[in-house]
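Going down the list, the sequences are from chains A and B. Just so we're on the same page, the working numbering is the position in the first sequence counted from 1, plus 441. Just so we're on the same page, the working numbering is the position in the second sequence counted from 1, plus 1218.
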Amino acid sequence: MKPAPLEYVAPRSVEEALGALDEDAKALAGGQSLVPLLNFRLARPARLVDLNGIDALAHLRRSAGTLRIGALTRQAVLERSRLVRDGWPLLTQAVGHVAHPAVRNRGTVGGSVAHADPAAELPVALAALDARFHLRSPRGMRTLDAAALFHAPLMTALEADELLVEIEVPPLPRGAGTAFVEYARTHGDFALAGAAVVRAGREHAAVALLGAGPTPVRAHDAERALCAGATAAEAARLAAAALDDDHRRALTTELVRQAIEEASA
Amino acid sequence: MRRSRTVPVDGAADAAWGALAGPAWSGPIGFVAAGDAAYAGTLRLIDADEDRRAVGGHAQARRTTGWGGVTASFAARPAPGGVALDAEIALSGDARADDGEALLDAVAARLEAAVRAGAVPAPAAAAGSPADDPAWRRRLAARAVLAIGIGAAAGLVGARLGRRR
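Structure representation (structure tokens):
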């Protein structure tokens, strides 16, 4: 099938894009999720606002120790970046699990976040890294953390006339190890479950779960337990304790245990 | 293989950094390596480290005739006397080590031009797409004729065998 008739707009600046966004519009970044939805007519916007001509949104830089990811940064750029691999290895580990190279060449970091698929890897990794999301609208800028941004499957705090412009990732604690582990039936498929872990001894622990809820879930009980000296297995059991389904709970427990051990090694 | 070199550029380090951190030197890239092997591809700015004043980039190019590709992941930063370039080069197909050096020459030339000009717009690909090369098109046409011929022959044989049954 092909998309229903729509108006196509290709702004060259964020201001132009904001002027074109409203209740009947959808922003197009890499199109790896939106275009299939359009083709199946599951999404029928009256206007498509193509962000690909806005160079100001395609940047990846470290400034004052903080990683700044433009919303239009391709996933392949994140994957190839030595800066990210050295400073924020969790992002490199997570993005390697996103679909296949062809999808990552086109897909964007901002698109993955704004789409808010509960099985997406990057939102989970960003949640574990305490990332902050900068949203811009005609009313101004606001900054949210992952807990405030992600509301439900495919639903975020983004208003209809609002655009995710940048993601800010703070530096990792000194000596931190990271790991991203997931289970999918076939390579590149949506994962059934997964875990992103940041661990710096007993000083810092972050455990974010994939597929454990409608949004990326931070396992605060497990984090506190790790800082108090719990083993990987004990913390993993706490992280998955809230899951109802036996299979998913067992799978998540094992993945979290693996991730904690890998991050602690 | 790992290669390092300094691209000689006059001027202040601030100006060099300003040009490196801009996206203007990204774009199509083309060069001719030793033995007249023409390559076409792209050069991309990957990341910019404002704290350490270094940029990361990725260049990749494929032979416009024949099989072969070269890629280079590199870091560039202002250094005394110019821009220091550290690259990791990978080859595939019929590409030779000289072709990797030629890719690095093309990257260095683009960086040098960008730093000299402040920032230059990316030129169009010098070597163009393989589809623009008449020799490549002739070979493609010959292969297509051969494939159609084999297909037609197989169809005729199949039809004849079917009639016998």
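In this text, a Cβ means the ideal position worked out from N, Cα and C, and glycines have one as well. As the structure is a computational prediction, the values presented were derived from the model and not from experiment.
Beta-carbon separation of residue i and residue j under 9 Å?
i, j, result
"residue 563 (chain A)", "residue 536 (chain A)", "yes"
"residue 1292 (chain B)", "residue 1318 (chain B)", "no"
"residue 619 (chain A)", "residue 529 (chain A)", "yes"
"residue 689 (chain A)", "residue 652 (chain A)", "yes"
"residue 549 (chain A)", "residue 594 (chain A)", "no"
"residue 1243 (chain B)", "residue 1237 (chain B)", "yes"
"residue 584 (chain A)", "residue 557 (chain A)", "no"
"residue 703 (chain A)", "residue 622 (chain A)", "yes"
"residue 614 (chain A)", "residue 641 (chain A)", "yes"
"residue 650 (chain A)", "residue 697 (chain A)", "yes"
"residue 1331 (chain B)", "residue 1221 (chain B)", "no"
"residue 637 (chain A)", "residue 501 (chain A)", "no"
"residue 671 (chain A)", "residue 648 (chain A)", "no"
"residue 1333 (chain B)", "residue 1227 (chain B)", "yes"
"residue 1299 (chain B)", "residue 1224 (chain B)", "yes"
"residue 473 (chain A)", "residue 554 (chain A)", "no"
"residue 1255 (chain B)", "residue 1313 (chain B)", "yes"
"residue 539 (chain A)", "residue 561 (chain A)", "yes"
"residue 1258 (chain B)", "residue 1245 (chain B)", "no"
"residue 1264 (chain B)", "residue 1290 (chain B)", "no"
If you measure from the beta carbon of residue i to each beta carbon in chain B, is any gap under 9 Å?
i, result
"residue 543 (chain A)", "no"
"residue 518 (chain A)", "yes"
"residue 501 (chain A)", "yes"
"residue 521 (chain A)", "yes"
"residue 525 (chain A)", "yes"
"residue 506 (chain A)", "yes"
"residue 454 (chain A)", "no"
May I ask you to report which of helix, strand or coil DSSP gives residue i?
i, result
"residue 610 (chain A)", "strand"
"residue 1287 (chain B)", "strand"
"residue 628 (chain A)", "coil"
"residue 495 (chain A)", "coil"
"residue 551 (chain A)", "helix"
"residue 656 (chain A)", "coil"
"residue 647 (chain A)", "strand"
"residue 705 (chain A)", "helix"
"residue 506 (chain A)", "coil"
"residue 1254 (chain B)", "helix"
"residue 1338 (chain B)", "Below a pLDDT of 50, predicted positions are generally treated as unreliable, and residue 1338 (chain B), at 45, falls in that range; no measurement from the model is reported."
"residue 538 (chain A)", "coil"
"residue 489 (chain A)", "strand"
"residue 687 (chain A)", "helix"
"residue 1278 (chain B)", "strand"
"residue 460 (chain A)", "helix"
"residue 1324 (chain B)", "helix"
"residue 533 (chain A)", "helix"
"residue 564 (chain A)", "helix"
"residue 500 (chain A)", "coil"
"residue 693 (chain A)", "helix"
"residue 598 (chain A)", "coil"
"residue 477 (chain A)", "helix"
"residue 448 (chain A)", "strand"
"residue 1225 (chain B)", "strand"
"residue 603 (chain A)", "coil"
"residue 1345 (chain B)", "Unreliable placement is indicated for residue 1345 (chain B), whose pLDDT of 45 sits below 50; no coordinate value is reported for it."
Any beta-carbon of chain A closer than 9 Å to the one on residue i?
i, result
"residue 1274 (chain B)", "yes"
"residue 1220 (chain B)", "no"
"residue 1267 (chain B)", "yes"
"residue 1270 (chain B)", "yes"
"residue 1238 (chain B)", "no"
"residue 1394 (chain B)", "Within the shown structure, residues of chain B are numbered from 1219 to 1383, placing residue 1394 (chain B) beyond reach of any answer."
"residue 1290 (chain B)", "no"
"residue 1262 (chain B)", "yes"
"residue 1293 (chain B)", "yes"
Give the C-beta separation of residue i and residue j to the nearest angstrom, bearing in mind that I take them to be a contact with Cβ-Cβ under 8 Å.
i, j, result
"residue 571 (chain A)", "residue 612 (chain A)", "Incorrect: roughly 10 Å between the Cβ atoms, too far for contact."
"residue 462 (chain A)", "residue 601 (chain A)", "7 Å"
"residue 1272 (chain B)", "residue 1294 (chain B)", "7 Å"
"residue 707 (chain A)", "residue 455 (chain A)", "Examination of residue 707 (chain A) is not possible in this model, given that chain A is present from 442 through 706 alone."
"residue 1321 (chain B)", "residue 1288 (chain B)", "5 Å"
"residue 389 (chain A)", "residue 492 (chain A)", "Nothing can be reported for residue 389 (chain A), as the shown portion of chain A is limited to 442 through 706."
"residue 503 (chain A)", "residue 1232 (chain B)", "Residue 503 (chain A) to residue 1232 (chain B), Cβ: 18 Å. No contact."
"residue 677 (chain A)", "residue 701 (chain A)", "6 Å"
Just checking residue i against the ligand NAD - is the residue's beta carbon closer than 8 Å to any of the ligand's heavy atoms?
i, result
"residue 1293 (chain B)", "Of ligands this structure carries none, so the ligand NAD is not represented either."
Exercise. Say whether the region 520-536 of chain A touches the region 490-508 of chain A, bearing in mind that this needs 3 or more beta-carbon pairs closer than 8 Å, one atom from each stretch.
Key: yes
- Query: Are the region 478-489 of chain A and the region 446-460 of chain A touching by the rule of at least three beta carbon pairs closer than 8 Å?
  - Reply: yes
Does the region 678-698 of chain A come close enough to the region 1274-1283 of chain B to have 3 or more Cβ pairs within less than 8 Å?
-> no
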